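In this note's numbering, the protein residues as written are 11 to 407.
Even for Gly, the Cβ is constructed at its ideal location relative to N, Cα and C.
Only a predicted model underlies this, so the values are computations on that prediction, with no experimental measurement involved.
Before any comments, here is the structure.
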Amino acid sequence: MKKQVKLKATETVATNSDFYNLFRPIVPSIDVIGKVAQVVSGLTEAVTIWYITQSEMADVSKGISIVISIVAMILVVAILELGGRKFLQVLTRTIVWKRLENAWYIALFTIVAAITIGMGVLSFRLSTNGVHHAFVSNVPVVETYDASKLKQEFRTSSDAIAARFKNDLAIIETNHKEVVTSTRDQYDARIKTCEVKAETYDAKFKDGHSWAKSQADKYRKSAASLETEKTAAIMKLQSTFTKKIDQHQKRKNDAIEKEKSDIDQSIKKAEIALLAQHDFKFKNAEFWGSLFSFFVGFSVLLAFICIISVEVFRRGSGIKVEYEEVDLDQPILTIFWKGLQSRFGGFFRRKAENFANVTGSNLSDSRGKIGFNYRDRMVTNQTDNLPTSNNLDNEYR
């Protein structure tokens, strides 16, 4: 089995005690600040990756999308934060200790620098844009105003207006009919009077009174004139009634239109208020998103600065970081898995040997015994029968 090793970092003793004593009190704080800033950067990167994966996998099963999102978050944060810290430490040490001795140093330094810059830019963009997007995306999309209640109120008001004007119209029609009937009756009575007098004078004319004929003709003309006047009066009343109906219908339409206009204005005001509320929430989210984006961007830069500052402190103090390879202890799970495999292998091996009738000294010699080789006889309590320590050693050796 291949031997597993790990790198163990050790720091040498400081050679510049003045520099060391001056900056040593604040270096631990700088290191902690840098790590906290990296945690902030990592969390915001994780938020961004979460939003990206969830939006791109909206049509996939919820469980699968969550698992993939978590795996992507862990991988990206580990690469950018842990990798970025190690790479930046190596680059800083290379520069402050002036280790660019030949082309090989320069070539690998260039490669590592390019990777570090890429990870730094990506970390900065993911963190800042992710925070800003998180704030803005949480603003709900502006909803269409629900005007169903106002529309129902309009229908109720319209029905009430129609009912009121219908009652008014019935009153107008009744009054019109009464006036027409009264006018007709008045004219008919006058006409009847003239006709009766004309008939009276006709009778006198038949009796030989010649002057009665002119009187009869006069009353007949009066009756005819009254008939004409009656027709004109009724037509005038009908014209007036038609105008009243038109005015009544216009007032009804104007009332309904006014009610509709009021409802429309109410809906418009409600929609404007809803849009203004959404704009306020969006501007508020923009403000806080920009503010936290600035904070996160500063945290990313602060993490880089703190990492570089610690390495500059080590260089100024003359402290070198040396690495040595030490044996890597096998994980408990690995040991458990190997033991489990051995147990299963031994169990099935014994079953196979028993099935094949493989017995004898070859098997006894091929595998070691486990446990103590107890004697067949029972040991008594008598002290002369107890084995001595030398005998025990020889027996179990």
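Comparing C-alpha positions only, which one of the options sits nearest to residue i?
{"i": "T184", "options": "K254, M129, A123, L236", "result": "K254"}
{"i": "S420", "options": "Q259, T54, R165, V206", "result": "Examination of residue 420 is not possible in this model, given that the chain is present from 11 through 407 alone."}
{"i": "A173", "options": "A199, A265, S51, F302", "result": "A265"}
{"i": "T191", "options": "G218, K293, T241, I74", "result": "T241"}
{"i": "F302", "options": "I74, G44, F145", "result": "F145"}
{"i": "N79", "options": "G94, A88, I59, I89", "result": "According to the sequence displayed, residue 79 carries Ser and not Asn. Considering only alpha carbons, the answer is I59."}
{"i": "N139", "options": "G328, A180, W298, R359", "result": "W298"}
{"i": "W107", "options": "Q99, A113, W114", "result": "Q99"}
{"i": "L85", "options": "F119, S133, G73, M67", "result": "S133"}
{"i": "S300", "options": "R135, D28, A362, I36", "result": "R135"}
{"i": "T154", "options": "V336, P35, K260, I277", "result": "I277"}
{"i": "Q259", "options": "Q340, V122, F357, L179", "result": "L179"}
{"i": "Q257", "options": "I182, A208, S271, A283", "result": "I182"}
{"i": "I127", "options": "Q162, L90, W114, V151", "result": "L90"}
{"i": "D289", "options": "V151, L17, D69, K16", "result": "V151"}
{"i": "Q162", "options": "E269, E111, S224", "result": "E269"}
{"i": "I282", "options": "D337, D156, K216", "result": "D156"}
{"i": "S224", "options": "E239, V46, T120, A208", "result": "A208"}
Does the distance from the CB of residue i to the CB of residue j come in under 8 Å?
{"i": "F97", "j": "I62", "result": "no"}
{"i": "V131", "j": "T54", "result": "no"}
{"i": "V244", "j": "R194", "result": "For clarity, residue 244 is Ile in the given sequence; the question names Val instead. Closer than 8 Å, so yes."}
{"i": "A280", "j": "Q48", "result": "no"}
{"i": "F292", "j": "V149", "result": "yes"}
{"i": "S147", "j": "G307", "result": "no"}
{"i": "A199", "j": "Y211", "result": "no"}
{"i": "I40", "j": "V310", "result": "no"}
{"i": "K262", "j": "F164", "result": "no"}
{"i": "I317", "j": "G44", "result": "yes"}
{"i": "G73", "j": "M129", "result": "no"}
{"i": "A56", "j": "V87", "result": "yes"}
{"i": "Y197", "j": "L160", "result": "no"}
{"i": "S71", "j": "Q64", "result": "no"}
{"i": "K26", "j": "G355", "result": "Per the sequence shown, the amino acid found at residue 26 is Asn instead of Lys. Their beta carbons are not under 8 Å apart, which means N26 does not touch G355 by this criterion."}
{"i": "K16", "j": "L338", "result": "yes"}
Tell me, please, which residues DSSP counts as bridged to residue i.
{"i": "T120", "result": "DSSP lists no partner for T120."}
{"i": "K2", "result": "Residue 2 is absent from the structure shown; the chain starts at 11 and stops at 407."}
Taking contact to mean at least 3 C-beta pairs separated by less than 8 Å, is the region 323-338 in contact with the region 19-28? Judged by Cβ distances under 8 Å, the region 323-338 makes contact with the region 19-28, as three or more pairs qualify.
Which runs of the beta strand (DSSP E), 3 residues or longer, sit entirely within the region 194-278? none
Hey, which unbroken runs of the alpha helix (DSSP H) at 4 residues or more fall wholly within the region 40-112? With a minimum length of 4 residues, the continuous alpha helix (DSSP H) runs that stay inside the region 40-112 are 72-87, 94-106.
Could you pull out every unbroken beta strand (DSSP E) segment of at least 3 residues lying fully inside the region 299-368, listed in chain order? 331-337
Should the region 161-169 be regarded as contacting the region 236-250, the criterion being three or more beta carbon pairs within less than 8 Å? no
State whether the region 312-332 contacts the region 88-103, with contact taken as three or more CB pairs (one from each stretch) at a distance under 8 Å. A contact between stretches requires three or more CB pairs, one per stretch, nearer than 8 Å, and the region 312-332 meets this requirement with the region 88-103.
Count the CB pairs spanning the region 196-211 and the region 223-232 that are closer than 8 Å, and state whether there are at least three. With the cut-off at 8 Å, the region 196-211 and the region 223-232 touch.
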